[in-house]
Amino acid sequence: MALDKPLVSEVVIGLGSIPLARYGTPGTHELAEALEPFVPEYDAILMANHGVVTYGDSLCQAYMKMETVEHFAQITLVTHILGRQEALGNEELDKLLVVRSRYQGIRSSAARPLSMVDDSAPSARKRMPSSPR
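As numbered in the working numbering, residues 3 to 135 make up the sequence shown, in order.
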């Protein structure tokens, strides 16, 4: 199960979205190659059949991002089991992006959540605004 639906405002503001990287054998270049396309775009990456990797400007930032991912994974699982996943709509996401731009210390290169992606655009991914690093 991927963690790419905008279900929780905290995740949209702090991480944008969390992509799923393909499987790569541990200790090989396969794993690095699977992660490489996501590193410039995201602050947290779910690795197929492995776990999650997060990173930030400090160990504390990376840790807090991991805490957010773990909390979001629990919410995603429970809402999936209950059949009650309700993703935030584009209007709500637009408001959250405005809020995100006001927060000091939000330093994320994360792309917008998937429901914000315009599939008709030449580039299927729109970038979330972020504060300068």
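The C-beta atom is built at its ideal place from N, Cα and C for all residues, glycine as well.
What residue does the beta strand (DSSP E) around residue i start on, and which one ends it?
i	result
L48	46-49
G53	53-56
Just verifying my parser: in three-state terms, what is the DSSP assignment at residue i?
i	result
T70	helix
K7	coil
A89	coil
V100	helix
My assumption, with CB atoms under 8 angstroms, is that residue i sits in contact with residue j. Please give the rounded CB distance.
i	j	result
V54	A46	6 angstroms
P8	L90	5 angstroms
Between the beta-carbon of residue i and the beta-carbon of residue j, is there less than 8 angstroms?
i	j	result
V71	T56	yes
V10	L98	no
A50	L5	no
I20	L48	yes
Need the endpoints of the alpha helix (DSSP H) that residue i sits in, please.
i	result
L17	Taken as a continuous stretch (DSSP letters only), L17 belongs to no alpha helix (DSSP H), as it is neither H nor E.
H31	31-37
When the Cα atoms are used, what is the spatial distance from residue i to residue j?
i	j	result
T81	Y25	25 angstroms
G16	E88	19 angstroms
E12	R104	14 angstroms
L61	E94	31 angstroms
F74	R86	15 angstroms
L37	I83	29 angstroms
A34	K67	20 angstroms
P39	P28	17 angstroms
Does the ligand MG have a heavy atom nearer than 7 angstroms to the CB of residue i?
i	result
L95	As for the ligand MG, it is missing from this structure, which has no ligand bound.
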